[in-house]
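**Q**
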Amino acid sequence: MKKFLLFCFFIFLAGITFAQDIIVTTDSIRIEAKVLEVSGLEIKYKRMDNLEGPTYIMSTQMINSIIYANGTVYIFHNPSSNNTPLKSPESPSLITRIGEKYTYNGTVMKGDEYANFLMNNCHNAYLLYQSGQTIAYVGGFFLGFAIGAELGTLIGAAIVGGFNSYTTTMMYCAGACAIISIPLAIIGYTKMHKSVDVFNKQCASQASRQQSYWSINTNSYGIGIAFNF
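Using my numbering, the first residue of the sequence shown is number 2, and each one after it goes up by one.
As C-alpha cells, then:
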C-alpha cells in the first residue's frame with residue numbers, strides 16, 4: 002500500500018512539473034508559461050516560475066509557436082521563413098511592455114526612446130505618456146524631499162539631544178510628503194503604461210503601413226537620428 006501511494010505521489014508530482022506551456026519566440030527563445038488567452042494580434046500569459054505574478058502580453062508577430070502542456074503545437078509563423086515576423090495591413094505591429102521596456106517590431110525601447118517613438122507616430126499616446134511622466138516625476142520629488150527631510154531631522158535631533166517642536170513638525174511634514182508621493186507615482190506610471198493601449202488601438206495600423214519613419218533620440222551619449230525602412 003505504501004509503495005502504491007508513493008507511486009501515485011510521484012505521478013502527481015510529474016504531472017505538476019510538466020503541466021506547462023512553452024512559448025517559442027521568433028528569436029528561438031523558449032518561455033515556460035501558462036498561456037491564458039490567444040488572439041490574432043497578441044497572447045496573454047503568466048510565467049511558470051511566478052504564476053501569481055503579473056500577466057504578460059506579447060504580440061503574435063514575435064511568436065513562432067506555442068507548445069501546450071497536452072502536446073498540442075500551435076504554429077504562428079513558418080520556421081523556414083528565417084524567423085521573420087509576418088507583416089500585413091490586417092495584422093498591425095503592436096507594442097508590448099515588460100516592466101519599463103517597450104518592444105515594437107522586435108526593437109526594445111527604454112523610456113526616452115519610447116517617448117520619441119510615440120512623439121513621431123501617435124500624438125494621443127505621446128500626450129498621455131508625457132502627462133504620466135510629469136506626474137511620476139512630481140511624486141519622485143515628494144519622495145526625495147521626504148527622505149531628505151527625515152534623515153536631516155534625525156541627524157539634527159541626535160545633535161541637539163532629542164526631538165523638539167521643530168524636529169517633530171519636520172518629521173510630520175516628511176511623512177506627509179511620503180504619503181503624497183505614493184498615489185502620484187501610481188497615477189503617473191498607470192498613465193505611462195496606458196499609452197501602450199492607446200497606440201495599439203489608435204495608431205498601430207497607421208504606423209505599420211508607413212514605409213519608413215525617423216525619430217530623434219537623445220541619451221547620455223548624445224543625440225542621434227534613427228531611421229526605419
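No residue lacks a Cβ here, since even glycine has one placed at the ideal position from N, Cα and C.
Can you grab the Cα-Cα spacing for the pair K35 / K47, in whole Å?
**A** Each residue's alpha carbon lies about 5 Å from the other.
**Q** Which of the three DSSP states, helix, strand or coil, is assigned to N71?
**A** Three-state DSSP puts N71 in coil, outside helix and strand.
**Q** Does the stretch 145-156 come within contact of the stretch 97-111, defined as at least 3 CB pairs closer than 8 Å?
**A** At 8 Å Cβ cutoff, the stretches do not touch.
**Q** The alpha helix (DSSP H) with L52 in it runs from where to where?
**A** Where L52 is concerned, there is no enclosing alpha helix (DSSP H), given that its DSSP letter is neither H nor E.
**Q** CB-CB under 7 Å to S132, same chain, minus the five flanking residues each way: which ones, in chain order?
**A** Here the set comprises K192.
**Q** Is DSSP giving N106 helix, strand or coil here?
**A** Coil, per DSSP.
**Q** Is E101 helix, strand or coil when you go by DSSP?
**A** Three-state result, E101: coil.
**Q** For the stretch 134-144 against the stretch 170-185, are there 3 or more C-beta pairs whose distance is under 8 Å?
**A** The stretch 134-144 is in contact with the stretch 170-185.
**Q** May I ask you to report which of helix, strand or coil DSSP gives T27?
**A** If DSSP states are grouped into helix, strand and coil, T27 belongs with coil.
**Q** Need the endpoints of the alpha helix (DSSP H) that I1 sits in, please.
**A** In the structure displayed, the chain extends from 2 to 230; residue 1 sits before or after that span and is not available.
**Q** Would you call the stretch 111-118 and the stretch 164-179 touching, i.e. three or more CB-CB distances under 8 Å?
**A** Short answer: they don't touch.
**Q** Using beta-carbon positions only, say whether F77 and I68 come within less than 9 Å of one another.
**A** It is not a contact, given that the beta carbons lie outside the stated cut-off.
**Q** Would you report the Cα separation of T170 and A150, rounded to the nearest angstrom?
**A** Approximately 11 Å, taken between the alpha carbons.
**Q** Pick from L37, N71 and V25: whose alpha carbon is nearest that of P55?
**A** The shortest C-alpha separation from P55 is found at L37.
**Q** Looking at the structure shown, is S196 part of a helix, part of a strand, or coil, going by DSSP?
**A** Looking at S196 - three-state DSSP - the assignment turns out to be helix.
**Q** Nearest-angstrom Cα distance between H194 and D50?
**A** Approximately 24 Å between the Cα atoms of the pair.
**Q** Pull up the CB-CB distance for S94 and Y105, whole angstroms please, since I reckon it's below 8 Å.
**A** Contact flag correct, Cβ pair sits at about 6 Å.
**Q** If you run the structure through DSSP and keep just helix, strand and coil, what is I44?
**A** I44: strand per DSSP, three-state reduction.
**Q** Is it the case that the Cβ atoms of G72 and Q134 are separated by a distance below 9 Å?
**A** For G72 and Q134, no; Cβs fall outside 9 Å.
**Q** In three-state DSSP terms, what is K35?
**A** Three-state result, K35: strand.
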